[in-house]
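In this text, residue positions in the sequence shown follow this note's numbering: the first is 219, and each later residue adds one.
Just so it is clear, CB atoms sit at the ideal spot from N, CA and C, and this is done for glycine as well.
All values derive from a computational prediction rather than experimental measurement.
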Amino acid sequence: MRVWILLLVLAWLADSSMTQHINSLTWLTYLRNRAYNNGYGHHYANLALPNTEEPSVIDCPLECDCPSAYPKAMYCSNRKLQHIPFVPSHVKYVYLQNNQLTGITNGVFDNAPNITWIIIHANKLSSDKFGDKVLAKLPNLQRLFVQHNNLTRVPQGLPRSLRDLHMNHNNISVVPVDSFRGMNNLTALYLQMNAIEDLGKALEGLVSLTVLDLRGNRLKKIPESLPARLSQLYLEYNHIASIPADFLSQRPELRYIRLSHNQLTNGGIPASAFNVSTLVELDLSFNKLERIPIISTSLENLYLQANKIKEFSVNSFCRVVDTKNYSNLRVLRLEANEISARDIPNEAVLCLRLATNIDL
Ligand SMILES: *[C@@H]1O[C@H](CO)[C@@H](O)[C@H](O)[C@H]1NC(C)=O
Ligand SMILES: *[C@@H]1O[C@H](CO)[C@@H](O)[C@H](O)[C@H]1NC(C)=O
Ligand SMILES: *[C@@H]1O[C@H](CO)[C@@H](O)[C@H](O)[C@H]1NC(C)=O
Ligand SMILES: *[C@@H]1O[C@H](CO)[C@@H](O)[C@H](O)[C@H]1NC(C)=O
Ligand SMILES: *[C@@H]1O[C@H](CO)[C@@H](O)[C@H](O)[C@H]1NC(C)=O
Ligand SMILES: *[C@@H]1O[C@H](CO)[C@@H](O)[C@H](O)[C@H]1NC(C)=O
């Protein structure tokens with residue numbers, strides 16, 4: 219590959235007339251694609267083409283690779299790029315991760331309105347150099363990966379067509395309330411490891427959202443207006459001290475909730491907060507609980523390690539204990555609390571008859 223890049227540079231230096239320049243670049247791009255195919259050993263057909271035949275050239279910027287096996291992709295990752303190369307109009311998948319990009323100027327993607335994925339994580343993008351119109355003109359953008367950058371706010375003008383949005387590991391503290399408005403198809407939103415204190419009603423109306431990751435932020439409460447179809451909610455490593463009473467009853471699809479490493483006390487958990495039959499897994503480890511909260515008999519995994527729990531209350535798991543009424547709990551973790559195996563009453567065996575793993 220290096221040889222071809224060298225040839226391209228030589229061609230560039232050697233050419234004086236513009237027309238010749240373009241011709242030789244086209245020819246070299248053809249050679250380069252041929253070398254690429256050859257290198258990957260799949261398509262020897264091009265080599266056998268008679269010289270008179272028009273080569274099928276893929277338009278591609280010099281900094282990037284556009285293998286003919288993936289004609290709509292443009293691979294520009296790991297190249298120390300400081301500027302986004304020109305994007306040919308046919309491109310749908312743009313890979314720009316692991317470069318030194320500091321901004322995205324308005325217009326850089328205008329030539330390719332059908333872009334579907336922009337993968338641009340692990341750069342140095344900052345919010346003040348992120349054009350507010352640059353993504354709004356991409357009505358087909360479905361996947362945007364901007365994690366591990368240096369953003370301080372959610373970019374403006376994100377297209378409503380997004381399905382999968384990764385903005386984790388930035389320094390985002392500003393989330394304008396209309397950031398995600400109209401994103402009816404958004405199913406996964408990754409905002410972990412940022413500096414968000416409050417989301418206000420920014421999540422309202424995300425009717426398709428099923429995964430929300432907010433680990434490692436500065437939230438003091440559970441976000442308002444959580445989408446109704448959410449099934450996985452990750453809130454570890456925040457400063458949450460209490461749970462709203464109706465938080466779960468209005469979210470019938472929530473299956474997994476992780477709230478470890480927060481500031482929860484029993485006073486902040488209403489009696490029926492987790493007593494909903496849809497929940498499968500609940501992680502309340504590394505908080506300040508002194509009692510086991512009331513959970514539904516449907517729950518399968520409960521993590522309570524590293525709290526201050528002093529008693530093993532069977533009625534937290536089973537309101538009635540008989541042959542037909544028992545808990546579905548499989549895994550119960552209680553280690554690093556203030557109880558030991560001696561504190562487990564006999565009727566716990568009947569109630570927790572399905573438990574295969576109780577850690578104390
Ligand atoms: C974008 O996609 C549409 C529909 O597939 C197509 O008609 C159009 O030519 C494409 N535009 C470009 C610039 O490739
Ligand atoms: C991130 O942005 C801040 C300003 O907000 C700047 O001081 C810092 O150098 C940037 N870091 C990187 C790695 O670009
Ligand atoms: C959501 O997806 C559907 C089906 O693919 C599509 O018709 C619709 O235009 C999308 N909505 C937006 C806002 O892009
Ligand atoms: C994060 O952003 C804040 C401003 O919102 C800034 O003061 C701070 O230095 C930034 N932190 C890093 C690590 O860039
Ligand atoms: C928990 O839910 C069950 C079933 O809906 C109900 O019978 C019970 O009274 C509830 N317990 C509490 C403490 O809310
Ligand atoms: C006990 O089990 C019976 C039979 O499955 C059921 O009808 C009843 O609602 C259960 N009671 C409680 C409190 O779960």
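Buried versus exposed call for residue i [16 or more other C-beta atoms within 10 Å across all chains shown]
{"i": "SER397", "result": "buried"}
{"i": "SER558", "result": "exposed"}
{"i": "ARG436", "result": "exposed"}
{"i": "PRO373", "result": "buried"}
{"i": "GLN468", "result": "exposed"}
{"i": "SER545", "result": "buried"}
{"i": "ARG476", "result": "buried"}
{"i": "GLY400", "result": "exposed"}
{"i": "HIS366", "result": "buried"}
{"i": "ASN412", "result": "buried"}
{"i": "VAL309", "result": "buried"}
{"i": "ALA463", "result": "exposed"}
Within 8 Å, strictly: CB atoms of residue i and residue j
{"i": "TYR311", "j": "LYS290", "result": "yes"}
{"i": "ALA340", "j": "GLN315", "result": "yes"}
{"i": "LEU482", "j": "PHE492", "result": "no"}
{"i": "TYR521", "j": "SER460", "result": "no"}
{"i": "VAL539", "j": "LEU517", "result": "no"}
{"i": "SER495", "j": "ILE512", "result": "no"}
{"i": "GLU281", "j": "PRO303", "result": "yes"}
{"i": "HIS457", "j": "ASN480", "result": "yes"}
{"i": "THR334", "j": "ARG378", "result": "no"}
Nearest-angstrom Cβ-Cβ length linking residue i and residue j, presumed shorter than 8 Å
{"i": "LEU369", "j": "ASN386", "result": "About 11 Å separates the two Cβ atoms, so there is no contact after all."}
{"i": "ASP382", "j": "LEU409", "result": "The pair is not a contact, with the Cβ atoms about 13 Å apart (cut-off 8 Å)."}
{"i": "ARG596", "j": "LEU578", "result": "Residue 596 lies beyond the range of the chain shown here (219 to 578); nothing can be said about it."}
{"i": "VAL392", "j": "ARG371", "result": "4 Å"}
{"i": "ARG433", "j": "LEU453", "result": "7 Å"}
{"i": "LEU552", "j": "ILE527", "result": "7 Å"}
Sequence-distant residues of the same chain with beta carbon closer than 6 Å to residue i, five excluded per side
{"i": "LEU243", "result": "Below a pLDDT of 50, predicted positions are generally treated as unreliable, and LEU243, at 39, falls in that range; the measurement from the model is reported next regardless. Answer for LEU243: no residue qualifies."}
{"i": "PHE363", "result": "ILE337, HIS339 and HIS384"}
{"i": "THR574", "result": "ARG548"}
{"i": "ASN329", "result": "VAL305 and SER307"}
Best match in the options for proximity to residue i [C-alpha to C-alpha]
{"i": "ALA524", "options": "ASN533, SER531 and LEU502", "result": "LEU502"}
{"i": "THR428", "options": "LYS438, LEU572 and LEU404", "result": "LEU404"}
{"i": "SER344", "options": "LYS355, THR320, ALA354 and TYR474", "result": "THR320"}
{"i": "ILE510", "options": "PHE535, HIS457 and GLU518", "result": "PHE535"}
{"i": "ASN505", "options": "ASN555, ALA489 and CYS294", "result": "ASN555"}
{"i": "LEU444", "options": "PHE465, LYS438 and GLY486", "result": "PHE465"}
{"i": "ASN519", "options": "LEU421, LYS419, LEU570 and LEU356", "result": "LEU570"}
{"i": "ASN332", "options": "PHE348, GLY349, GLN318 and ALA354", "result": "ALA354"}
{"i": "LEU300", "options": "ILE338, HIS308, ASN329 and VAL309", "result": "Note that residue 300 is Gln in the sequence shown, not Leu. The shortest Cα separation from GLN300 among ILE338, HIS308, ASN329 and VAL309 belongs to ILE338."}
{"i": "GLY486", "options": "VAL498, SER495, LEU497 and GLU508", "result": "GLU508"}
{"i": "GLU471", "options": "PRO488, ARG378 and VAL498", "result": "VAL498"}
{"i": "GLY423", "options": "ILE440, ASP416 and LEU448", "result": "LEU448"}
{"i": "LEU417", "options": "CYS294, HIS308, ILE440 and VAL425", "result": "ILE440"}
{"i": "LEU451", "options": "ILE322, PHE348, GLU565 and TYR474", "result": "TYR474"}
{"i": "LYS542", "options": "PHE530, THR515 and SER426", "result": "THR515"}
{"i": "ILE322", "options": "GLY349, THR334 and TRP335", "result": "GLY349"}
Proximal residues to residue i (C-beta, below 7 Å), its chain only, five neighbours per side dropped
{"i": "ASP346", "result": "none"}
{"i": "LYS351", "result": "ASN324 and GLY375"}
{"i": "PRO279", "result": "PRO303 and PHE304"}
Beta-carbon contacts of residue i that lie in its chain and below 8 Å, excluding the five residues immediately before and after
{"i": "GLN318", "result": "LYS298, LEU299, GLN300, ASN341 and LYS342"}
{"i": "ILE414", "result": "ILE390, SER391, VAL393, LEU432, ASN435, ARG436 and LEU437"}
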